[in-house]
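*Asks:*
Protein chains: 2
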Amino acid sequence: MAANSQFSVAVHVLTMLANSRDANLKSDYLAGSVNTNPVVVRRLLGNLSQANLVISQTGANGGTRLSRGPENISLAEVYRSVSCGEVFALHGKSPNQDCPVGRNIEAVLCRLQKEIDRTVGEKLSQYTLADVMEMVEQGKV
Amino acid sequence: MAANSQFSVAVHVLTMLANSRDANLKSDYLAGSVNTNPVVVRRLLGNLSQANLVISQTGANGGTRLSRGPENISLAEVYRSVSCGEVFALHGKSPNQDCPVGRNIEAVLCRLQKEIDRTVGEKLSQYTLADVMEMVEQGKV
DNA sequence: TCAATTTGTATCAGTAAGTGTTACAGAAGT
DNA sequence: ACTTCTGTAACACTTACTGATACAAATTGA
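Each protein sequence line maps, in turn, to chains Y and L. Adding 73 to a residue's 1-based position in the first sequence gives its number in the numbering used here. Adding 73 to a residue's 1-based position in the second sequence gives its number in the numbering used here.
1) Among the candidates L:Q170, L:E179, L:L90 and L:A180, whose CA atom is the shortest distance from the CA of L202 of chain L?
2) What would DSSP say about V127 of chain Y, mapped onto helix, strand or coil?
3) According to DSSP, what are the bridge partners of T137 of chain L?
4) Compile a chain-ordered list of the residues in the stretch 154-173 of chain Y whose CB is closer than 8 Å to at least one CB of chain L.
5) Taking the C-alpha atoms as reference points, what is the distance between D190 of chain Y and R141 of chain L?
6) Between the beta-carbon of V151 of chain Y and the beta-carbon of L87 of chain Y, is there less than 9 Å?
7) Which residues in chain Y sit within 9 Å of L182 of chain L, going by Cβ to Cβ distance?
8) Can you check DSSP and say which residues form a bridge with T201 of chain Y?
9) Touch check for the stretch 101-116 of chain Y and the stretch 156-165 of chain Y: three-plus C-beta pairs under 8 Å?
10) Using C-beta distances below 6 Å, list every residue in its chain close to N145 of chain Y, excluding the 5 sequence neighbours before and after it, in chain order.
11) Under a Cβ-count criterion, where at least 16 other Cβ atoms within 10 Å of its own Cβ denotes burial, should S167 of chain L be classed as buried or exposed?
12) Which residues, in chain order, does the stretch 91-120 of chain L contribute to contact with chain Y at a C-beta distance below 8 Å?
13) Should T201 of chain Y be flagged as near chain L, meaning a C-beta pair shorter than 9 Å?
14) Check this for me: beta carbons of A83 of chain Y and L117 of chain Y, under 9 Å apart or not?
15) Taking Cβ positions, are L148 of chain L and S93 of chain L nearer each other than 9 Å?
16) Measure the alpha-carbon distance for G135 of chain Y versus L103 of chain Y and round it to whole angstroms.
17) Counting only C-beta atoms, is G132 of chain Y closer than 9 Å to chain L at any point?
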């Protein structure tokens with residue numbers, strides 16, 4: 074399996090929840106649609122729950138539902154809740170401070186990083202879960 | 074060391090090359106500024122060379138220089154040459170095709186992915202290596 | 001109260017990617 | 001020839017994600 078597909082799975086799961094409105098969906102059922110293990114789904118739902126996007130209930134007839142209407146959940150929130158939010162990372166080790174470039178490049182890259190990440194966030198905030206539901210609906214054959 | 078910092082290191086190295094104009098810089102010297110191993114730098118320069126951003130020469134007095142002026146190298150090109158260019162990944166395994174959401178979500182996410190990646194590319198293409206040089210210069214104390 | 005269900009979480013193994021290092025063949029200058 | 005470099009292979013280490021089993025705690029309902 075490749076890199077970080079958590080955002081994709083999160084959007085998938087949230088769309089399922091949106092389609093079922095107020096009914097609690099179980100991690101087993103969601104995992105069946107995503108084609109993965111229920112624990113993977115529960116871990117992901119844990120992140121979404123911490124971000125107040127979903128509400129989970131333990132016990133019999135438990136499960137997970139959206140915390141609000143899909144038109145009030147932007148993809149930017151989803152992205153933030155399951156990723157570090159950085160398109161690229163800064164240097165692992167600090168560059169050589171005796172070098173004029175090394176001394177100043179980090180600040181430049183940091184500003185650039187923030188700008189890129191903000192751009193991604195703004196783009197994602199243009200879409201809500203309701204938009205995704207609609208697109209999925211239109212894609213139906 | 075953390076995630077993918079290759080873009081940061083690439084911009085760092087290219088800025089060094091830009092500052093030294095036509096002189097060949099050695100991987101040892103560049104590694105000293107980045108604070109890493111020469112082989113790491115040479116691997117990175119290999120990518121940049123394949124993308125025709127730099128020219129390397131083997132042998133004594135060898136090294137690497139830019140293939141063109143820094144005002145003609147956009148950060149989008151740099152980004153493309155050292156990363157997969159995807160802000161988020163699609164599903165690892167294909168979702169359950171018997172589920173209405175599973176059947177259609179991939180296409181929706183793929184469109185969204187392309188749009189986000191294009192947005193990042195457009196933002197990065199607003200900056201050239203010459204802009205970075207200037208910002209680094211201004212940051213000097 | 002007791003049994004069944006379901007989440008939350010710990011734990012472990014497997015996979016993939018990036019990093020750092022040593023080593024060495026081949027190219028090129030003197 | 002000898003020295004200096006790049007290009008690259010090989011290996012160990014770390015980190016992150018995925019997938020799986022296991023079980024405590026919560027909740028429902030009989």
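For every residue, glycine included, the Cβ atom is placed at its ideal position computed from N, Cα and C. Note that this is a predicted model, so its numbers are computed, not measured.
*Replies:* Let me spell this out:
1) With respect to the C-alpha of L202 of chain L, the residue from L:Q170, L:E179, L:L90 and L:A180 having the closest C-alpha is L:L90.
2) Strand, per DSSP.
3) Looking at the DSSP assignment, T137 of chain L forms a beta bridge with L:L98 and L:S129.
4) Taking 8 Å as the Cβ-Cβ cut-off against chain L, the residues of the stretch 154-173 of chain Y that qualify are S156, C157, E159, V160, F161, A162, L163, H164, G165, K166, S167, P168, N169, C172 and P173.
5) Taking the straight line from one Cα to the other gives about 29 Å.
6) Between V151 of chain Y and L87 of chain Y, the C-beta gap is smaller than 9 Å, which places the two residues in contact.
7) Going along chain Y in sequence order, the residues near L182 of chain L (Cβ under 9 Å) are F80, S81, V84, H85 and V205.
8) Residue pairing for T201 of chain Y: DSSP places it in a beta bridge opposite Y:S147.
9) By the Cβ test, the stretch 101-116 of chain Y is not in contact with the stretch 156-165 of chain Y, since fewer than three Cβ pairs between them sit closer than 8 Å.
10) For N145 of chain Y, where only same-chain residues beyond five positions count, there are no Cβ hits under 6 Å.
11) The residue in question, S167 of chain L, is exposed, as its Cβ has fewer than 16 Cβ neighbours within 10 Å.
12) Of all residues in the stretch 91-120 of chain L, only N92, G105, S106, V107, N108 and T109 come within less than 8 Å of chain Y when Cβ atoms are compared, listed by chain position.
13) False, the Cβ-Cβ gap to chain L never drops below 9 Å.
14) Against a cut-off of 9 Å, the Cβ pair of L117 of chain Y and A83 of chain Y comes out as a contact.
15) Contact: no.
16) Here the alpha carbons of L103 of chain Y and G135 of chain Y stand approximately 13 Å from one another.
17) No, its Cβ sits nowhere closer than 9 Å to a Cβ of chain L.
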